[in-house]
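Asks: One structure, as structure tokens, below. Some questions next.
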Amino acid sequence: MRSSRPTVLDVARLAGVGASTVSRCLRGGPHLRPEVQERILRAIAELGYEPNEVARSLRGGRTNTIGVVFPHIANTFFSLCIQQIEQEATRRGWTVMLLSHQESVAQQSKQLAVLRRSRVDGVILTPAPGSDPEQVRKELHGMPVVALDRPLWTGVDHVMLRNREAAEMATQHLLGHGYGEIACATASPEIYSFVERIAGYRAAMARAGLGDELILAEDYTRLRAAAGEALRRRPTLRAIISLSNMATFAVVQAIRDVKHEGEREVAMIGFDDVDFATLVEPAITVVRQPTEAFGHEAVALLVQRLTEEAATPLQQRLLAAELVVRASCGCAYRD
């Protein structure tokens, strides 16, 4: 005979807590002791308990769903962040609804409308370039929001990289190898994180008393062509910093294009520790972004906003990057 579906009371008995404590945990309550929350989560997993979301929504007006609006899944940085967001949200008893805006303000508006109709409780948003903060505020209709990777407006919780520091670190590493002419390459240079990284690169070059060279393009196909043109135009250009994993791929292709035309070694450092960084020769030195922390912090901040009993101060999580040294910068590969 088929066993009955486990209930909140079953979870409470197994975890050794009251039913109300289990309910608070399922709502993402911030005031539970970590050891109590862990016992409840273990009991849920052991029993295979699944909350009745429809009934809970009708009772409390909450769907326990988080909407995530991001640029596009093809960018490995965002796909890794989303993976962490899903894991952390699931661990806390929340469901995730994923939508992409393809770096389009119009598409972003459509996706926020989808989330409103779906009655999600809150949103994690990486805003599209050119987003009007007031328009986004209206489109959210009062839904709590956490900005991921790029800021929205004053008064919104956000999780971002210390972009300037990260780019300065990469530039300083190449300067330490004695490279005097170092270029910085990216597509979509209007995006906030790239603006900040360009500023960090320029600051490091200026401190060294050196001029800067930007290789910019509208998209990554054009970036490959622009990087190749810069290398041909400046035979003394010996190092390039690329500001995203997609830019790194474009620059690697450009370096190969130029090497086919004659012997020339070009050092490089990229952003994001993606798989292909270790599959090419030489293996690529990268600035690794803490995608696990991005996902964890974004969910934690949003759940706090959704469950807090009183207003809490604005939360800003600025995360540090790590330089993963391999061979493309001129170092011996030591990953």
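Under my numbering, think of the first position of the sequence shown as 2, with each following residue one higher.
Using N, Cα and C, we set each Cβ at its ideal position, and we do this for glycine too.
By how many angstroms is the C-alpha of residue 83 removed from the C-alpha of residue 129?
Replies: 17 angstroms
Asks: Could you spell out the range, first to last residue, of the alpha helix (DSSP H) harbouring residue 213?
Replies: Where residue 213 is concerned, there is no enclosing alpha helix (DSSP H), given that its DSSP letter is neither H nor E.
Asks: For the beta strand (DSSP E) that contains residue 46, what are its first and last residues?
Replies: No beta strand (DSSP E) contains residue 46, which is instead part of the alpha helix (DSSP H) from 35-48.
Asks: For residue 322 and residue 66, what's the separation of their Cα atoms in angstroms?
Replies: 30 angstroms
Asks: Taking only three categories from DSSP, how would you classify residue 115?
Replies: DSSP places residue 115 within a helical segment (H, G or I) once states are collapsed to three.
Asks: Spatial neighbours of residue 153 within its chain, please: CB distance less than 8 angstroms, with the 5 preceding and 5 following residues excluded, ordered by chain position.
Replies: 126, 128, 132, 134, 137, 146 and 159
Asks: How is residue 82 classed by DSSP in three states: helix, strand or coil?
Replies: helix
Asks: Do the CB positions of residue 330 and residue 279 come within less than 8 angstroms of each other?
Replies: no
Asks: Hey, residue 16 and residue 44 are a contact pair by Cβ (cut 8 angstroms); roughly how many whole angstroms apart?
Replies: 4 angstroms
Asks: What residues in its chain sit with their C-beta under 7 angstroms from that of residue 252, if we drop five residues either side in the sequence?
Replies: 186, 228, 241, 243 and 269
Asks: Which residues in the same chain have their Cβ closer than 8 angstroms to the Cβ of residue 3, if we skip the five residues on either side of it in sequence?
Replies: Residue confidence for residue 3 is low, a pLDDT of 39 falling below 50, so the modelled location carries little weight and cannot support an answer.
Asks: Give a yes or no on contact between the segment 71-85 and the segment 245-261, applying the rule of three or more CB pairs nearer than 8 angstroms.
Replies: yes
Asks: Report yes if the CB atom of residue 213 is closer than 8 angstroms to the CB atom of residue 225, and no otherwise.
Replies: No, the pair does not count as a contact, with Cβ atoms beyond the cut-off.
Asks: Can you give the beta carbon distance from residue 172 to residue 200, rounded, assuming they're within the 8 angstroms contact cut?
Replies: Not confirmed; about 11 angstroms, so no contact.
Asks: Return yes when the Cβ of residue 295 is within less than 8 angstroms of the Cβ of residue 319, no when it is not.
Replies: Against a cut-off of 8 angstroms, the Cβ pair of residue 295 and residue 319 comes out as no contact.
Asks: Give me the Cα-Cα distance between residue 162 and residue 151, rounded to the nearest whole angstrom.
Replies: 9 angstroms
Asks: Which one or two residues does DSSP pair with residue 325 in a beta bridge?
Replies: 287
Asks: Should residue 141 be labelled buried (16 or more other beta-carbon atoms within 10 Å of its own) or exposed?
Replies: buried
Asks: Closest to residue 165 by CA distance: which of 288, 308, 302 and 6 is it?
Replies: 288
Asks: Shortest alpha-carbon distance to residue 70 belongs to which of 102, 7, 303 and 22?
Replies: 102
Asks: Which term fits residue 266, buried or exposed, when burial requires 16 or more other beta carbons within 10 angstroms of its beta carbon?
Replies: exposed
Asks: Taking the Cβ atom as the reference point for each residue, do residue 11 and residue 48 lie within a distance shorter than 8 angstroms?
Replies: yes
Asks: Cutting at 6 angstroms between CB atoms, please list the residues of its own chain near residue 149, excluding the five before and the five after it.
Replies: 125, 127, 160 and 299
Asks: On the DSSP bridge assignment, give the partners of residue 272 in chain order.
Replies: 288, per the DSSP bridge assignment.
Asks: For residue 158, name the three-state secondary structure that DSSP assigns.
Replies: strand
Asks: Hey, how far is the Cα of residue 13 from the Cα of residue 33?
Replies: 14 angstroms
Asks: Just to confirm my understanding: we take residue 293, look at its own chain, exclude 5 residues before and 5 after, and list those with CB closer than 7 angstroms. What are they?
Replies: 85
Asks: Should residue 273 be labelled buried (16 or more other beta-carbon atoms within 10 Å of its own) or exposed?
Replies: Buried.
Asks: CA-CA distance, residue 89 and residue 115?
Replies: 23 angstroms
Asks: In whole angstroms, give me the CA-to-CA distance for residue 59 and residue 19.
Replies: Since pLDDT at residue 59 reaches only 45, below the 50 mark, its modelled position is unreliable, and the value read off the structure follows with that caveat. Taking the straight line from one Cα to the other gives about 23 angstroms.
Asks: Using a Cβ-Cβ cut-off of 7 angstroms (strictly less than) and excluding sequence neighbours within five positions of residue 55, which residues of its own chain qualify?
Replies: Reliability fails at residue 55, whose pLDDT of 46 lies under 50, so the model's placement of it is uncertain and no value is given.
Asks: When DSSP labels each residue in this structure, what does residue 201 get in the three-state scheme?
Replies: helix
Asks: Closest to residue 23 by C-alpha separation, out of 94, 191, 107 and 177, would be which residue?
Replies: Each of 94, 191, 107 and 177 was checked against the Cα of residue 23, and the nearest Cα belongs to 94.
Asks: Using C-beta distances below 7 angstroms, list every residue in its chain close to residue 87, excluding the 5 sequence neighbours before and after it, in chain order.
Replies: 97
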